[in-house]
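Residue numbers (our numbering), protein chains in the order written: chain A, 1 to 468; chain B, 1001 to 1468.
Number of protein chains: 2
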Amino acid sequence: MNAQPPDQPTTPTLDLARFAAMHAVSRAPGSPSAAALAEARRAFLNSFGCMLGGADDPAVDLLWSALQPHAGAPAARLFGRGQRTDALTAALVNGYSSNILDFDDTHLATVIHPGPVCLSAVLAIAEAGPDGRANGIPGLTGAKLLDAFLIGMEVACRLGVAIGHGHYARGWHITGTCGVVGAAVATGRLLGLDTVKMAHAIGIAATSATGLGEMMGGMSKSYNIARAGREGLNAALIAATGFTSSLRAIEAPRGFAVVLADGFDEDRLTGSLGERWEAALDTYKPYPCGIVLHPLIDGCLQVAAQSGAPAAAIERVEVKVHPLVMVLTGRTDPKDGLESKLSFAHACAVALADRSAGVDQFTDARAVDPVIAALRTRIHPVVDESLGTDQSAVTLMLADGQRFEARVEHATGSVVNPMSDAALDAKFIALATRTLGADAARTLCTMCRGIDDLDDLGPLFAHAAGGG
Amino acid sequence: MNAQPPDQPTTPTLDLARFAAMHAVSRAPGSPSAAALAEARRAFLNSFGCMLGGADDPAVDLLWSALQPHAGAPAARLFGRGQRTDALTAALVNGYSSNILDFDDTHLATVIHPGPVCLSAVLAIAEAGPDGRANGIPGLTGAKLLDAFLIGMEVACRLGVAIGHGHYARGWHITGTCGVVGAAVATGRLLGLDTVKMAHAIGIAATSATGLGEMMGGMSKSYNIARAGREGLNAALIAATGFTSSLRAIEAPRGFAVVLADGFDEDRLTGSLGERWEAALDTYKPYPCGIVLHPLIDGCLQVAAQSGAPAAAIERVEVKVHPLVMVLTGRTDPKDGLESKLSFAHACAVALADRSAGVDQFTDARAVDPVIAALRTRIHPVVDESLGTDQSAVTLMLADGQRFEARVEHATGSVVNPMSDAALDAKFIALATRTLGADAARTLCTMCRGIDDLDDLGPLFAHAAGGG
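Following this line, the structure appears as structure tokens:
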């Protein structure tokens, strides 16, 4: 942290702002930020892959058709779509694409997806530049872009940790509410905001923070994330002019932490900034559906491989689950792809029938497939309070009387059992191939892996264009 | 209300949507909507005047300088500024201008300013049109524009009444949170949304609703209102494509009324729609500052007129006030114009010294004027629980021992003592003259008064352009 002149008052909001504006992210091996940077590289890759994989979703077409007539000059790409628009609209549309597949990174302690909000915002302004003429930001390198992305993730996650679980429990979509502040500081850093302007950017973002949990499982869920990216960038652009908000926007009596939550833990918000990194705890989904379903899918894939049985031979499946599974993903009869992502029965059924749980398993078509629908009725959940959220136990019973069992101690993609770099690369390439083709997907994967060494971001943007 | 097919489920959100999409606003004398329409005409005039009067504020320049590089084709005017931009940016900037002088209409039961949010949104899309090419909306007349404006005001105010005072008390800036839904239905009506699309527009707006009370007294206060107008229009444009949200966005367990408030009163939200009109209770500020200060200003103007004494001759002023005055406007030493609008001491001092309390009394220069600053220290408030929010009692003591007293039973601009049409016209002309000149201001006033008879909105927009 930077020294604070003794005559200058400070506040939690200013402390966050100073970190965001001034912290020099060390790349020295063994430094506290080394692990965080390593995770930021993985989150960057994962979020970019999700953005590219989701870019051709029909909901993205609807969003773009509504906004295109009112959008600005073509300065920033809609990655994977072969289109360009202004930076603010690009942050919105790319942010939407990044989340629509439900395949994001997740900071498990808060359930925030820091990647899509921060990435969509930083890429848009990095390409469009503050003058909106596709001139980029002078002197911006891949390393500086990654630093800004990391700082944005860190601020979003710290805010989420600091305000505690009551916020989410009240019904807030926490990636929307905390993400907008992360996007503001990430883009504010790229725009070179000083500490005071950064604090005002945080304030403008804080008074733009929203997103209802009611939107989960529908088209507007990803809109919460999309809007957070755009409003964060909007806040940074406005603050850059000298427009002001409040230097106490987080902690004031009518500020973010009191109005949207029940106060905050100051140490969790601003303690050991630059030493302790929440961003280092980011995780990645191996399956594009509600994260609490992942241990069930792991277990179902295991028993399906053991048995080798087709769906028709399956008589009954018992799955022991953490209580949250039924709260968050209790749907038994999803009507479309979006609903299927929040259905324990659907997740188990496709894993058993298809021996896979990828993007193609959570489509509208798969949600109404009669074989899958029938198999869903044979999945029997048993809530087991002794299980962790990354644990499950699955028992498969075949019509011929055979039984197969699997117990999952730590689901793939959990903190203890993370996705490997190779698995993340494969996930990225599979997603990016959907809109870029395999060659560009592989090239882009290599470029993202070497983001720290990119002096010119132009080729990165060009390879991700799509629409070819 | 329209008949509901018996096989179609309904919800409070759908009921609101049906009213917004389908209610035919009657102009028959004596019909329940006649009084509401009369008030909508006054609110239209007042909001337009505030927009024109605030358009040259330096904060508007900052906002525009940040957004212009990323804005779309010049399809909608920034009224009073001689500039054009896209509809969404126009809704934002015009909404900001409308509120920056703190001279709005106020629905007293909720403290919502329904006018600026709804007016900025409807004017922007009415001029730009859904195709963003300044083609307007086919068939749109002044009467239809006024109907949409009225419906937007009504929905915003009903939502505020239904969620109760706890929402504001928690720290929400209620014009931001409820206003966005009003702007969505007002513009959704202009775009011809059917009931279901209107419900989705309400849902998208509800998940965009925000605005912190912490921003009061600073530049970002009006940003809350500006953003509500833009996000409401954004919601309607997106919903028009078939993009969906939730048909229960207001009432669901993780919906607007539960997440941002503590539930809602269904009868206050949707009871007697089209019969009982909250919009008919809108009021207008005679002075551009916190509304709780208005009875004090009335009283100070009275004793100043009685005494005829200059500021230097005033020894002591005692003002008896409702408790809220000190809670909301307790500042004794404001540092700039924005802070002065929330200072009981400043409001009394300028009324006594200048015998006026207009836009020129709440400027940065007046806030730091030494004569005013000295007089502020001689204003002594006494909280009196027996007073209503529209009451005050003022005692003026001169250095020569003379005393003058005034008691205000109902402040100018309250429901019981409303501003007359003539006073509103004068207010409009004074405000509009600031950016349009006196001739255009008078012409525009006449056009607004005859809004119901305008078949072509083009001349209205042209006369309000400014920048000439």
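Every residue gets a Cβ at the ideal spot worked out from N, C-alpha and C, and that includes glycine.
Looking only at its own chain, which residues have a Cβ that is under 6 Å from the Cβ of residue i, when we skip the five neighbours before and after it?
{"i": "B/Ala1143", "result": "Asp1452"}
{"i": "A/Val180", "result": "Ala205, Ser208, Ala209, Ala228, Glu231 and Gly232"}
{"i": "B/Arg1081", "result": "Ala1055, Gly1466 and Gly1467"}
{"i": "A/Pro116", "result": "Ser47, Gly95, Ser98, Asn99, Asp104 and Ile225"}
{"i": "A/Leu301", "result": "Ala351"}
{"i": "A/His410", "result": "Asp390, Val416 and Asn417"}
{"i": "A/Ala406", "result": "Gly299, Gln302, Val303 and Val394"}
{"i": "A/His469", "result": "Outside the modelled stretch of chain A, which goes from 1 to 468, sits residue 469 of chain A, for which no answer is possible."}
{"i": "A/Gly53", "result": "Leu101, Leu431 and Arg434"}
Would residue i be called buried (16 or more neighbouring beta carbons within 10 Å of its own) or exposed?
{"i": "B/Lys1335", "result": "exposed"}
{"i": "A/Val383", "result": "exposed"}
{"i": "A/Val60", "result": "buried"}
{"i": "A/Pro12", "result": "buried"}
{"i": "A/Ser420", "result": "exposed"}
{"i": "A/Gln361", "result": "buried"}
{"i": "A/Arg27", "result": "exposed"}
{"i": "B/Ser1343", "result": "buried"}
{"i": "A/Ser386", "result": "exposed"}
{"i": "A/Gln402", "result": "exposed"}
{"i": "B/Met1001", "result": "Low confidence applies to B/Met1001: its pLDDT is 37, below 50, so where it sits in the model is not reliable, and the reading given next is rough at best. Classification of B/Met1001: exposed, given that the 10 Å Cβ count is below 16."}
{"i": "B/Thr1106", "result": "buried"}
{"i": "A/Ser414", "result": "buried"}
{"i": "B/Asp983", "result": "Past the boundaries of the shown model lies residue 983 of chain B; chain B is included only from 1001 to 1468, so the question cannot be answered."}
Do you know whose CA, among the options, lies nearest residue i's CA?
{"i": "A/Ala423", "options": "A/Lys285, A/Gln83, A/Leu260 and A/Ser120", "result": "A/Lys285"}
{"i": "B/Ala1357", "options": "B/Glu1405, B/Ala1399 and B/Ile1297", "result": "B/Ile1297"}
{"i": "A/Ala430", "options": "A/Arg442, A/Leu454 and A/Ala121", "result": "A/Arg442"}
{"i": "B/Pro1381", "options": "B/Ala1426, B/Met1326, B/Phe1362 and B/Arg1407", "result": "B/Met1326"}
{"i": "B/Leu1014", "options": "B/Lys1320, B/Val1196 and B/Val1292", "result": "B/Val1196"}
{"i": "B/Phe1428", "options": "B/Gly1115, B/Gly1049 and B/Phe1256", "result": "B/Gly1049"}
{"i": "B/Tyr1223", "options": "A/Thr244, A/Gly213 and A/Ala440", "result": "A/Thr244"}
{"i": "A/Arg268", "options": "A/Glu278, A/Leu67 and A/Ala162", "result": "A/Ala162"}
{"i": "A/Ile174", "options": "A/Leu146, A/Thr110, A/Ala226 and A/Met153", "result": "A/Thr110"}
{"i": "A/Pro310", "options": "A/Pro69, A/Arg355, A/Val292 and A/Ala24", "result": "A/Arg355"}
{"i": "A/Ile314", "options": "A/His107, A/Ala411, A/Val155 and A/Arg376", "result": "A/Arg376"}
{"i": "B/Phe1264", "options": "B/Met1216, B/His1165 and B/Tyr1287", "result": "B/His1165"}
{"i": "A/Thr270", "options": "A/Ile250, A/Gly255, A/Pro288 and A/Ala280", "result": "A/Ile250"}
{"i": "B/Phe1044", "options": "B/Met1216, B/Ala1462 and B/Met1447", "result": "B/Met1447"}
{"i": "B/Leu1212", "options": "A/Leu88, A/Pro295, A/Arg254 and A/Ala399", "result": "A/Arg254"}
{"i": "A/Gly458", "options": "A/Leu145, A/Ala35, A/Cys118 and A/Ser65", "result": "A/Leu145"}
Just the Cα atoms here: how many angstroms apart are residue i and residue j?
{"i": "B/Ala1248", "j": "B/Asp1282", "result": "Reading the sequence as shown, one finds Arg at residue 1248 of chain B and not Ala. Whole-angstrom Cα-Cα distance: 28 Å."}
{"i": "A/Gly176", "j": "B/Val1303", "result": "52 Å"}
{"i": "B/Pro1006", "j": "A/Ala312", "result": "Bear in mind that the predicted position of B/Pro1006 carries a pLDDT of just 47, short of 50, making it too unreliable to give a figure here."}
{"i": "B/Ala1003", "j": "B/Ala1038", "result": "For B/Ala1003, the predicted model reports a pLDDT of 42, less than 50, meaning its position is unreliable; a value from the coordinates is still stated below. So the alpha carbons of these two residues sit roughly 27 Å apart."}
{"i": "B/Gly1274", "j": "B/Cys1178", "result": "19 Å"}
{"i": "B/His1167", "j": "B/Thr1329", "result": "20 Å"}
{"i": "A/Ala373", "j": "A/Gly337", "result": "13 Å"}
{"i": "A/Asn135", "j": "B/Gln1391", "result": "59 Å"}
{"i": "B/Gly1218", "j": "B/Pro1058", "result": "13 Å"}
{"i": "A/Ala365", "j": "A/Val321", "result": "27 Å"}
{"i": "B/Ala1305", "j": "B/Arg1378", "result": "18 Å"}
{"i": "B/Met1397", "j": "B/Ala1438", "result": "40 Å"}
{"i": "B/Asp1400", "j": "B/Cys1348", "result": "20 Å"}
Apart from the five residues on each side of it in sequence, which residues of its chain come closer than 8 Å, Cβ to Cβ, to residue i?
{"i": "B/Pro1009", "result": "none"}
{"i": "A/Arg133", "result": "Ala73 and Ala75"}
{"i": "A/Ile137", "result": "Ile125, Ala126, Gly129, Pro130, Leu190 and Leu191"}
{"i": "A/Asp455", "result": "Thr141 and Gly142"}
Which residues in the same chain have their Cβ closer than 7 Å to the Cβ of residue i, if we skip the five residues on either side of it in sequence?
{"i": "B/Leu1193", "result": "Ala1021, Ala1201, Ala1236, Ala1239 and Ala1240"}
{"i": "B/Thr1187", "result": "Ala1121, Val1122, Ile1125, Gly1232, Leu1233 and Ala1236"}
Return no unless some Cβ of chain C is closer than 7 Å to the Cβ of residue i.
{"i": "B/Ala1071", "result": "Included in the structure are the protein chains A and B, with no chain C among them."}
Could you check if residue i belongs to the surroundings of the ligand MG, using beta carbon to heavy atom distance under 6 Å?
{"i": "A/Asp298", "result": "Among the ligands in the structure shown, none appear at all, so the ligand MG cannot be discussed."}
* **Residues of the stretch 1086 to 1108 of chain B whose Cβ lies closer than 7 Å to any Cβ of chain A, in chain order** => Asp1086, Ala1087 and Leu1088
* Determine which residues of the stretch 246 to 259 of chain A have a Cβ less than 8 Å from any Cβ of chain B, and write them out in chain order. => Ser246, Arg248, Ala249, Ala252, Pro253, Arg254, Gly255, Phe256, Val258 and Val259
* Select from the stretch 205 to 229 of chain A all residues with a C-beta closer than 7 Å to any C-beta belonging to chain B, and list them in chain order. => Ala206, Thr207, Ser208, Ala209, Thr210, Gly211, Leu212, Gly213, Glu214, Met215, Gly218, Met219, Ser220, Tyr223, Asn224 and Arg227
* Compile a chain-ordered list of the residues in the stretch 1420 to 1445 of chain B whose CB is closer than 8 Å to at least one CB of chain A. => none
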